[in-house]
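Chemist: Sharing a structure here in structure tokens format.
Protein chains: 4
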Amino acid sequence: MNLRGGRLQKKMDEEAAKFTSSLESDHHIFYADIKCNIAHTRMLAREGIIDEKTAHKIIKVLEELGKEGIKALKLDPSVEDIHMAIEEYVTEKIGEEAGFMHTGKSRNDQVATDLRLALKEKIREIQKELLNFIKVLVRMAEDHKETIMVGYTHLQHAQVTTFAHHLLAYAHAFKRDYERLKDTYKRVDVNPLGSAALTTTSFPINRKLTTRLLGFSDYMENSMDAVSSRDFIAETIFDLSMIAANLSRICEEMILWSTYEFRLIELADEFSSTSSIMPQKKNPDVAEIARARTSNLYSNLMSVLGILKGLPYTYNRDLQEITPHLWDALGTCYDMICIVRRMLSTVKVNSERGFELAVSNFATATDLADAIVMEKKIPFRTAHQIVGRLINHVIKEGLSLLDVNSSLVDKVSEEIIGEKLELDDDIIRRALDPHENVKRRNVPGGPSPRMVEASLKKLEAYVKDELESLK
Amino acid sequence: MNLRGGRLQKKMDEEAAKFTSSLESDHHIFYADIKCNIAHTRMLAREGIIDEKTAHKIIKVLEELGKEGIKALKLDPSVEDIHMAIEEYVTEKIGEEAGFMHTGKSRNDQVATDLRLALKEKIREIQKELLNFIKVLVRMAEDHKETIMVGYTHLQHAQVTTFAHHLLAYAHAFKRDYERLKDTYKRVDVNPLGSAALTTTSFPINRKLTTRLLGFSDYMENSMDAVSSRDFIAETIFDLSMIAANLSRICEEMILWSTYEFRLIELADEFSSTSSIMPQKKNPDVAEIARARTSNLYSNLMSVLGILKGLPYTYNRDLQEITPHLWDALGTCYDMICIVRRMLSTVKVNSERGFELAVSNFATATDLADAIVMEKKIPFRTAHQIVGRLINHVIKEGLSLLDVNSSLVDKVSEEIIGEKLELDDDIIRRALDPHENVKRRNVPGGPSPRMVEASLKKLEAYVKDELESLK
Amino acid sequence: MNLRGGRLQKKMDEEAAKFTSSLESDHHIFYADIKCNIAHTRMLAREGIIDEKTAHKIIKVLEELGKEGIKALKLDPSVEDIHMAIEEYVTEKIGEEAGFMHTGKSRNDQVATDLRLALKEKIREIQKELLNFIKVLVRMAEDHKETIMVGYTHLQHAQVTTFAHHLLAYAHAFKRDYERLKDTYKRVDVNPLGSAALTTTSFPINRKLTTRLLGFSDYMENSMDAVSSRDFIAETIFDLSMIAANLSRICEEMILWSTYEFRLIELADEFSSTSSIMPQKKNPDVAEIARARTSNLYSNLMSVLGILKGLPYTYNRDLQEITPHLWDALGTCYDMICIVRRMLSTVKVNSERGFELAVSNFATATDLADAIVMEKKIPFRTAHQIVGRLINHVIKEGLSLLDVNSSLVDKVSEEIIGEKLELDDDIIRRALDPHENVKRRNVPGGPSPRMVEASLKKLEAYVKDELESLK
Amino acid sequence: MNLRGGRLQKKMDEEAAKFTSSLESDHHIFYADIKCNIAHTRMLAREGIIDEKTAHKIIKVLEELGKEGIKALKLDPSVEDIHMAIEEYVTEKIGEEAGFMHTGKSRNDQVATDLRLALKEKIREIQKELLNFIKVLVRMAEDHKETIMVGYTHLQHAQVTTFAHHLLAYAHAFKRDYERLKDTYKRVDVNPLGSAALTTTSFPINRKLTTRLLGFSDYMENSMDAVSSRDFIAETIFDLSMIAANLSRICEEMILWSTYEFRLIELADEFSSTSSIMPQKKNPDVAEIARARTSNLYSNLMSVLGILKGLPYTYNRDLQEITPHLWDALGTCYDMICIVRRMLSTVKVNSERGFELAVSNFATATDLADAIVMEKKIPFRTAHQIVGRLINHVIKEGLSLLDVNSSLVDKVSEEIIGEKLELDDDIIRRALDPHENVKRRNVPGGPSPRMVEASLKKLEAYVKDELESLK
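Put into structure tokens, the structure is as follows:
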């Protein structure tokens, strides 16, 4: 099938054909294209636009092609794209009549429809894997509700928390990522078919019917918009970029925590590599690669936005270059979710080290300040200053927070506010003990085992409901 | 108020203080910070955590500050940020007691809360301007339902449409932009307050109450997530980038259409500039600047994503650098929407030129192919080839499409399929006339005046409902 | 060869192995890796670090492998990378002795060396194609020194120029692109080999010798820097991005100029496509695709910079993810240069249309203003205002600039400055005639045929010299 | 001065004027613009194009303005830009005659000239600060040639090195950054003046003279290229981005090393902050902010490239939007260099901790493998396996590397290769001692104090020479 026979008299230059061909990534829309052609042909026949018999022949061949798979097609750059290859296949089987399937349809609306059909499935797959990740996090959190660790700000010890509480922070980020995709799905799930090249057609096609046959929630309401908009792709890739960003933060923590210096976790051998020259190494390569690939997703997004900028209406061939970024981003993100989930779920948590760090560097200091406020009703800023000065003393004299007692506190408080606080030693000790400390942070969203338990129950139910809804 | 008195013994280096200060963009959260402090203080008192009287004093001073405005604060880099400046203000008015307002609260949850409070309003503003833009487009479309113009693909003449139909393509893109912001809003509208530094607090605070007082729909369910996530900012800036991309496409068309070569529109003098050296120029500067600024929005997005990549939990000072991109992006996008809308609404449409182009370069050729299919029941691809060859003849012989008649069609069809088509001359003429042509594309989403009328009525109702809902 | 036998007890997870493998892009460094191994082995033997005979065996096998090509290797993800695959190949041929070739060497310095070796050749290829492009432009310019066209600012008619002058603007941009690569080459052409994993080695290796054997200009002076820096890749991709940006500007002009509205050029059939539904179309697909791919190059750059941000020393697996962007960018850019050059060199220039536009829209108006300044010694701004007003008159009365005469000028000048200018009609006519106009812009860098001739002679000589130097 | 008096009849819309004004960033080119006007006017007079007396008056006023500074100008959006403001100033002082300074000149060539003039100075400033940074690193390295620390790959302990060696890795990255700017400078240092709007002028201007007067090395050879190319800006910002990337890697290490877990350095109080709620914190805010701002520089680059993509020749107002990114990037980068240098130069290095880490986690293991190869002439891969297995034993039995002796080695070697190695205990100990280990890596580029000393001497001389050349 050579479109050029009419207007253009010379064949396209071979290099140019290769340069402009979309075949390399068209396999992603092979099944969608068949589905789209079948629905359109069925509609054409039902509306009496083409002959019922012809339609029947076309659909039969298309269904056969669907069974045979893409290998049945002749795919070389001279064919331009999958749409032409499929048409050629049908033509070879039933002759010129095949051409009727393109009545009132163009590659412009067809490719837009194919992309949306294929993307809808891919979004569902990513959504499922996100829910599975949350499930894994919930399960791990269940085991670590009492596993003490330091929470960091500025990568400095801040306050004491539990490993479970930290894992649920990841889970909540993924929950938003999941919901973002759910919203995006609505904007993908609309049908451009019937827009033809850009202004619909003079054939009396039935857009409601193809919309129903293809399982879209509605058709797109302006044909020029329908063939030239790719915001649904940019939005999807943004969502994937955000997922990747969240994964990269987890990877960063896996890398940090598995250093000799932190030693909070040990990665499973299956997710580590060693060195060709340094036999003692155990490297977090999976986490590093995943961290790096985050940049690739960002770049997919930038490419798409960059291509769209200043592009006049309606279809321009530039739009073709957007598509590979979509498939690329979906593949990268899917792989990242699965591998990071598996890497994380196989780490060995070093809970002694977690506790050791929690008591060695003043992470419970805020609670001492809070206790002073509660007991003595002095403003927090003042308590903060007292505790700050106290830490300086402790460091200078080589002590630990566990050595802090009432008389030491009083010494400092006299310096700062000119009077003693006379706190009970027991109050001081309880404020500074990590387990006690965590239990007292019993506010919704907080690390106390009770709150964490409530939170993970809610997540569990959420995941169950959503997985159900995706079926 | 100097936080450093405790732990750190030397003042921050002056350059370092300047380098790390967020004051330059903190004015955006001035009112939100006051609101947040008031709600928190009110809650503390109601839960009996601080003294009712103290709370009363603090709130009164905060309310006064709200009335006086940001100029009442001492803002120099040594103050670090707006939170410290406001605390200092309250402290100056009521003394040390001011410190009680920070009980069970940290700058980490406070800044996250402030950002969300301020952003919620800004999103609403952008949403309103988008709806106003759609309104303008609908109004313009009403006037141009019969204004013929060429629709382009690959910037080549493709098919005939109307100016109204084209304007509605813009409108539908903005409708999606609007809905995207609506979805994003849900994820902004959740309350991090109560998360404190990262693990909530041992004070028995009431997060439901502050959530209600601040008008959030819910509180965030994990405190570590609450203080360290900025996906709501990335998502907002993505939405704005998408709006900008859509605006840039309109601007590109304004620039093209106002060239001497296209002459489809004339920009109003108020939105053009001239040259310092070439007195004949009338330059579309507004459209050019808006087109260019699209890149700035993309870059805001990239900065935010770049900062988030691989950032360990929880708060890191890097997060502060995200915020200016948000305000910048909101400002740029808001300005772009308003100015492009006004530029577009003041153009003079050159409808004669629209018609002239529509008849001069075969834009109605597809319809002739369609007519051949309808009348003669031959496959579309064959009809396509006949018309392609026909155009070559017409060009070679210096004719126009209006010169095409039955015998010319037959001459070509004999070459291609070996037989005459014997079409009625009248059918040929009707297929090629732009007005007739447009009328026949009477499919939902198409350019026929009837379909366009239906479409703009729906948009009008949509805008009305949504504007109502934003009140 | 399994590195894991020592430290790690379980095999890497299959998905993880696939996820972290670099094999997909390692074919780019196959020959470089052989070359690098040979040079290193030769040096080890010459310095007496390994046995001369062992070295001889290793080198012989490596040379054979070079002849057989990459297909001789077993490449599956379990092999990790090309370095291991090559070592395994040598081991199979000569047994355990193969291991001696890695004495005092690591994959970290080896991959850095391979990349630089392979990149040096690729940069030369791009440089040659740039020079070829300039050659084509010079040849075309030779033919079009008198072909009048309008020069645009803001896409509005600005002043008259020639097609040759415009083509040389492209040439000068490419000349800078070429020189930028030349500068980059210097920073690529340094040898990291001998840095081993990160801190060199205790074997007494001879870095000067391997530097000479591999043809580098010098070795890198700090081993930690040598294995962890990838700025040479970022810089190369920036250079390629800049080339792409320049190509995209040319493509944009090809797209604009081949519209029905501009009609300044006609693309060759071989570099155009038509439509599946609109038989009259002749689409500039090559230019559109090239324009879009520019974004891909930008994204390659962003990925690399994104990966490098905040990466601690020294080697991290993230660096591996940088490399595919390099090969990708080189391939995309190379293809773009070649195809745009061929597309441009086959366009048909419509010189009548060029002239027609030059006389129809006041593009020579500046020269009238200049003539007034020269003749009457009044300030340019005043002359500018007179000509501006004059154009308004001409438009309002439906005249053309060729109708302008002395009395019309005087009428306007009286309005503006209150007195007549009494210019000679002949001076007016000469200022407004495009050919005359161009000839008078006889300043270095200007469009006068004499200046253009001088300029293209210089470029011709430059290209010749540089092509010579690349041999 | 209102340019609009001629062609456009209505004033620009106020919002549009604000939207399109460049005044906000024009202060960067104030002095350059004066310089440019003076040189041009001087040339006009010398070539007899304008009256000597007029020129004298204009120059005198411009010189006065230079002394008064930018505050002497009326800068409101209605003025459009600095060029018009300066012209207006001159006009107010000497009347209409001021207009003569624009003879044969346009804002298009003038702004391009101004940008290059101002940028040349800014590049020099950045270059100087880079040299100063290298100086600081050399000075610090001088003090730390024997300060043992672990070198990392994959953030895992790899091999032992010295702090000095590590600092010189930074220095060499900066050296390349410096040289890159030097190359860029050549492409900035060319003169566009005389190109006028786009096609030079019919006035017989002398471009060589203005080139000399302005201190450029040459003039640009094609006027259309000269007014529409901004690659010199993109290239500069790329260079700055690369500097930022290198700085961000240093910052990342400062952040890591100052954690409680690493404890390799302590930041000076002057470059740290504390927390409003956690009194024990000492946060590396400066390093965090600098790390984050790296993304801003990348975004500046992306904006510029994004704006250039697909922009037709010649001047388009989009180009104006490029400029603020340049000033922004220069400012950000300059600040980052200075502050990171000062932060780094004030850290306290914890050399005991460096040594402690060096002996605790097998970082010298490679050397044991090397020693086995040297002594026993067995292939490295085999030695690597033996040492790997050895480490497993050591870990399992809770020993340290310092406990390794000949009999333990033999036990493992029998497992792997079936025979004992019978290494001298002394050889084993020497291989494993960090100081000994470092001394033996006496290869150019390596960490041995002798090599480091040689390297820093070379750098010292380099910096001295280059600082001299910048004077």
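Chain order of the listed sequences is A, B, C and D.
To convert a position in the first sequence, counted from 1, into the working numbering, add 182.
To convert a position in the second sequence, counted from 1, into the working numbering, add 182.
To convert a position in the third sequence, counted from 1, into the working numbering, add 182.
To convert a position in the fourth sequence, counted from 1, into the working numbering, add 182.
Note that CB positions come from ideal geometry on N, CA and C, so glycine has one too.
#1: Return helix, strand or coil for TYR367 (chain B), following the three-state DSSP convention.
#2: Name the chain A residues whose beta carbon is nearer than 7 Å to that of VAL555 (chain B)?
#3: Compare the C-alpha of ASP253 (chain D) against each of D:ARG228, D:TYR213, D:LEU590 and name the closest.
#4: Nearest-angstrom Cα distance between LEU449 (chain C) and PRO631 (chain C)?
#5: For ALA540 (chain D) and THR441 (chain D), what's the separation of their Cα atoms in angstroms?
#6: Taking the beta carbon of ARG127 (chain C) as the centre, do at least 16 other beta carbons fall within 10 Å, making it buried, or is it exposed?
#7: Leaving aside the five residues before and after ALA379 (chain C) along the sequence, list all residues of the same chain whose C-beta is less than 6 Å from its C-beta, in chain order.
#8: For ILE387 (chain A) and HIS209 (chain A), what's the separation of their Cα atoms in angstroms?
#9: Can you list the residues of chain B that MET525 (chain A) reaches, using a CB-CB cut of under 7 Å?
#10: Does the Cβ-Cβ distance between PHE497 (chain B) and THR335 (chain A) come in under 7 Å?
#11: Count the other C-beta atoms from every protein chain shown that fall within 10 angstroms of the C-beta of GLN191 (chain B), then say buried if there are 16 or more, exposed otherwise.
#12: Determine, using beta-carbon pairs with one atom in the stretch 298–315 of chain A and one in the stretch 597–604 of chain A, whether at least three such pairs fall under 8 Å.
#13: Going straight from the alpha carbon of LEU479 (chain A) to that of ILE425 (chain A), what length do you get?
#14: Nearest to ASP325 (chain D) by CA position, among D:VAL529, D:THR381, D:HIS575, is which residue?
#15: Check whether chain D comes within 7 Å of GLY187 (chain C), counting only Cβ atoms and requiring the distance to be less than that.
#16: In whole angstroms, what separates the C-alpha of LYS593 (chain C) from that of GLN341 (chain C)?
#17: Verify the CB distance criterion: does THR343 (chain B) have a CB-CB separation below 7 Å to chain D?
#18: Report all residues from its chain with a CB closer than 7 Å to the CB of ASN184 (chain A); omit the five preceding and five following residues, and keep chain order.
#19: Just to confirm, is the Cβ distance from HIS423 (chain D) to LEU483 (chain D) under 7 Å?
#20: According to DSSP, is GLN338 (chain C) part of a helix, a strand, or is it coil?
#21: In chain order, what residues of the same chain have a beta carbon less than 7 Å from the beta carbon of LYS489 (chain C), not counting five sequence neighbours either side?
#22: Tell me which same chain residues have a C-beta within less than 6 Å of the C-beta of TYR418 (chain C), skipping the five on either side of it?
#23: At 3 residues or longer, what runs of the beta strand (DSSP E) sit wholly inside the stretch 186–218 of chain C?
#24: Could you tell me the distance, in whole angstroms, from the CA atom of GLU246 (chain C) to the CA atom of LYS558 (chain D)?
#25: Taking Cβ positions, are LYS304 (chain B) and GLN338 (chain C) nearer each other than 7 Å?
#26: Can you list, in chain order, the residues of its chain with a C-beta nearer than 8 Å to that of ILE415 (chain B)? Leave out the 5 residues immediately preceding and following it.
#27: PRO386 (chain D) versus chain A: which residues are under 8 Å apart at the beta carbon?
#28: For chain B, is any of its Cβ atoms less than 7 Å away from the one on GLU443 (chain C)?
#29: If distances are taken between C-alpha atoms only, which option among B:LYS653, B:GLU650, B:LEU652, B:VAL645 comes closest to ARG358 (chain B)?
#30: Does DSSP put VAL486 (chain D) in a helix, a strand or coil?
#31: Just the Cα atoms here: how many angstroms apart are PHE169 (chain B) and LEU363 (chain A)?
#32: According to the neighbour-count rule (16 or more other Cβ atoms, all chains shown, within 10 Å of its Cβ), is ASP606 (chain C) buried or exposed?
Modeler: Reading from the atomic positions:
#1: Your numbering for residue 367 (chain B) matches position 185 in the second sequence. Note: TYR367 (chain B) maps to helix in three-state DSSP.
#2: Translated into positions along the second sequence, residue 555 (chain B) becomes position 373. Close to VAL555 (chain B), with beta-carbon spacing below 7 Å, are these residues of chain A in chain order: THR285.
#3: As a working note, residue 253 (chain D) is residue 71 in the fourth sequence. Per the sequence shown, residue 253 (chain D) should be read as Lys rather than Asp. Of the listed residues, the one whose Cα sits closest to LYS253 (chain D) is D:TYR213.
#4: What you label residue 449 (chain C) is simply residue 267 of the third sequence in a count that begins at 1. What you label residue 631 (chain C) is simply residue 449 of the third sequence in a count that begins at 1. Taking the straight line joining both Cα atoms gives about 26 Å.
#5: Here residue 540 (chain D) refers to the residue found at position 358 when the fourth sequence is read from its first residue. Here residue 441 (chain D) refers to the residue found at position 259 when the fourth sequence is read from its first residue. When rounded, the distance between both Cα atoms is 17 Å.
#6: Because residue 127 (chain C) is not part of the residues shown, which for chain C are 183 to 653, the question remains open.
#7: Taking the first residue of the third sequence as position 1, residue 379 (chain C) is located at position 197. Cβ neighbours of ALA379 (chain C) within its own chain (closer than 6 Å, five residues either side excluded): SER288, ASN290.
#8: Translated into the one-based positions of the first sequence, residue 387 (chain A) becomes position 205. Translated into the one-based positions of the first sequence, residue 209 (chain A) becomes position 27. Straight-line measurement puts the Cα of HIS209 (chain A) at about 28 Å from the Cα of ILE387 (chain A).
#9: One-based indexing of the first sequence puts residue 525 (chain A) at position 343. Going along chain B, no residue has its Cβ under 7 Å from MET525 (chain A), so there is no contact; the nearest lies around 15 Å.
#10: Walking along the second sequence from the start, residue 497 (chain B) turns up at place 315. Walking along the first sequence from the start, residue 335 (chain A) turns up at place 153. The question names Phe, but residue 497 (chain B) in the sequence shown is Tyr. In this structure, THR335 (chain A) lies closer than 7 Å to TYR497 (chain B) by Cβ.
#11: As a working mapping, residue 191 (chain B) is identified with position 9 in the second sequence. GLN191 (chain B) should be labelled exposed.
#12: Taking 8 Å as the limit for Cβ pairs, the verdict is that the stretch 597–604 of chain A does not touch the stretch 298–315 of chain A.
#13: As a position in the first sequence, residue 479 (chain A) is number 297, starting the count at 1. As a position in the first sequence, residue 425 (chain A) is number 243, starting the count at 1. Those two C-alpha atoms are separated by around 10 Å.
#14: In the fourth sequence, counting from the first residue as 1, residue 325 (chain D) sits at position 143. It is D:VAL529 whose Cα lies nearest to the Cα of ASP325 (chain D).
#15: The residue given as residue 187 (chain C) occupies position 5 in the third sequence. Any reading at GLY187 (chain C) must be qualified, since the residue scores a pLDDT of 49, below 50, and its modelled position is unreliable; the value itself is stated next. Yes, GLY187 (chain C) counts as interfacial toward chain D.
#16: Working through the third sequence from its first residue, we reach residue 593 (chain C) at position 411. Working through the third sequence from its first residue, we reach residue 341 (chain C) at position 159. Spanning the alpha carbons of LYS593 (chain C) and GLN341 (chain C) requires a straight line of approximately 24 Å.
#17: For the purposes of this step, residue 343 (chain B) is identified with residue 161 of the second sequence, where counting begins at 1. It does not; no Cβ of chain D falls within 7 Å.
#18: Residue 184 (chain A) sits at position 2 when you count from the first residue of the first sequence. With a pLDDT of 44 at ASN184 (chain A), under the threshold of 50, the modelled position of that residue is not reliable, and the figure given next carries that caveat. Beyond the five residues adjoining it in sequence on each side, ASN184 (chain A) comes within less than 7 Å, by CB distance, of no other residue in the same chain.
#19: Start at 1 with the first residue of the fourth sequence, and residue 423 (chain D) comes out as number 241. Start at 1 with the first residue of the fourth sequence, and residue 483 (chain D) comes out as number 301. In the sequence under discussion, the amino acid at residue 423 (chain D) is Ser, which differs from the His named in the question. For SER423 (chain D) and LEU483 (chain D), yes; Cβs fall inside 7 Å.
#20: As a position in the third sequence, residue 338 (chain C) is number 156, starting the count at 1. If DSSP states are grouped into helix, strand and coil, GLN338 (chain C) belongs with the strands.
#21: Start at 1 with the first residue of the third sequence, and residue 489 (chain C) comes out as number 307. Contrary to the premise, residue 489 (chain C) reads as Ile rather than Lys in this sequence. Result list for ILE489 (chain C): ASP500, GLU503, ILE504, in chain order.
#22: For the purposes of this step, residue 418 (chain C) is taken as the residue at position 236 of the third sequence. Sequence inspection shows Thr at residue 418 (chain C); the Tyr mentioned does not correspond to that position. THR366, listed in sequence order.
#23: Along the length of the stretch 186–218 of chain C, whole beta strand (DSSP E) runs at least 3 residues long do not occur.
#24: The residue given as residue 246 (chain C) occupies position 64 in the third sequence. The residue given as residue 558 (chain D) occupies position 376 in the fourth sequence. Taking the straight line from one Cα to the other gives about 29 Å.
#25: Counted from its first residue, the second sequence places residue 304 (chain B) at position 122. Counted from its first residue, the third sequence places residue 338 (chain C) at position 156. Not a contact, by the Cβ cut-off of 7 Å.
#26: Residue numbering aside, residue 415 (chain B) sits at position 233 when the second sequence is read from its first letter. Sequence-distant partners of ILE415 (chain B) (beyond 5 residues in either direction) whose C-beta falls short of 8 Å from its own C-beta, in its chain, are LEU297, LEU301, VAL486, ILE504, THR505, HIS507, LEU508.
#27: For the purposes of this step, residue 386 (chain D) is taken as the residue at position 204 of the fourth sequence. Simply none; closest approach about 40 Å.
#28: For the purposes of this step, residue 443 (chain C) is identified with residue 261 of the third sequence, where counting begins at 1. The beta carbon of GLU443 (chain C) sits closer than 7 Å to some beta carbon of chain B.
#29: What you label residue 358 (chain B) is simply residue 176 of the second sequence in a count that begins at 1. Ranking the options by Cα distance to ARG358 (chain B), first place goes to B:VAL645.
#30: Position 304 of the fourth sequence holds residue 486 (chain D). Helix.
#31: Outside the modelled stretch of chain B, which goes from 183 to 653, sits residue 169 (chain B), for which no answer is possible.
#32: Working through the third sequence from its first residue, we reach residue 606 (chain C) at position 424. Exposed, since its Cβ has fewer than 16 Cβ neighbours within 10 Å.
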